[in-house]
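All residue numbers for the sequence shown refer to our numbering, where the first residue is 11 and numbers rise by one.
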Amino acid sequence: GKGKGKGKKGKGKNDDDPLAKKPRLGEPGGEEGEELEFDFEGEWKGKQVCLINLKTAALNGTMGIAKEYMGHEEVLVEGKKRKIRRMLIALEGEKGEKSI
């Protein structure tokens, strides 16, 4: 049990992790770190996607093609702040483009 918790985050104290993540939301440099983990060009652009869990229930199950990455956005979901990635999706069947 000596090595548990170490190595994964680079810190031995697990208590520090939640605090270390919180300031990233407000820091200008915080989003750049997340940007590297999200490869829109390589993993999303031009690929077919299926829309799910949308507030606009009529669009759930709709297929589309990821066109453009529009950046991070903070939204309230069930009273909690969540960071989402907004994309422009070209909907199937000539339904136009939708920012999701």
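Beta carbons are placed, not taken as given, at the ideal position from N, Cα and C, and that holds for glycine.
Residue range of the unbroken beta strand (DSSP E) whose run includes residue i
i   : result
E88 : Run containing E88: none; DSSP gives neither H nor E here.
Cβ neighbours of residue i in the same chain (closer than 7 Å, five flanking residues each side left out)
i    : result
K77  : L98, I99, A100 and E107
K55  : A76
M80  : R96, M97, L98 and S109
E102 : T72, M73 and G74
A68  : none
F51  : At residue 51 the sequence reads Glu, which differs from the Phe that was named. Nothing listed; no residue qualifies.
Range covered by the alpha helix (DSSP H) that runs through residue i
i    : result
E104 : Unbroken run through E104: none, as it is neither H nor E.
F50  : F50 to E53
Same chain only: Cβ atoms within 6 Å of residue i, ignoring 5 sequence neighbours per side
i   : result
K91 : E84
E45 : Reliability fails at E45, whose pLDDT of 46 lies under 50, so the model's placement of it is uncertain and no value is given.
I94 : E83 and V85
Chain B contact for residue i (CB, 8 Å cutoff)
i   : result
D49 : Checking the listed chains, one finds no chain B in this structure; it contains a single protein chain.
Paired residues, beta bridge with residue i - DSSP
i   : result
E4  : The shown model of the chain, from 11 to 110, leaves out residue 4, and the question about it has no answer.
I94 : E83
Neighbourhood of residue i by C-beta, 8 Å cutoff - its chain only, sequence neighbours within 5 removed
i   : result
N63 : N70
Proximity test, residue i beta-carbon vs the ligand NAD heavy atom, cut-off 7 Å
i   : result
N70 : The ligand NAD is absent from the structure shown, which contains no ligand whatsoever.
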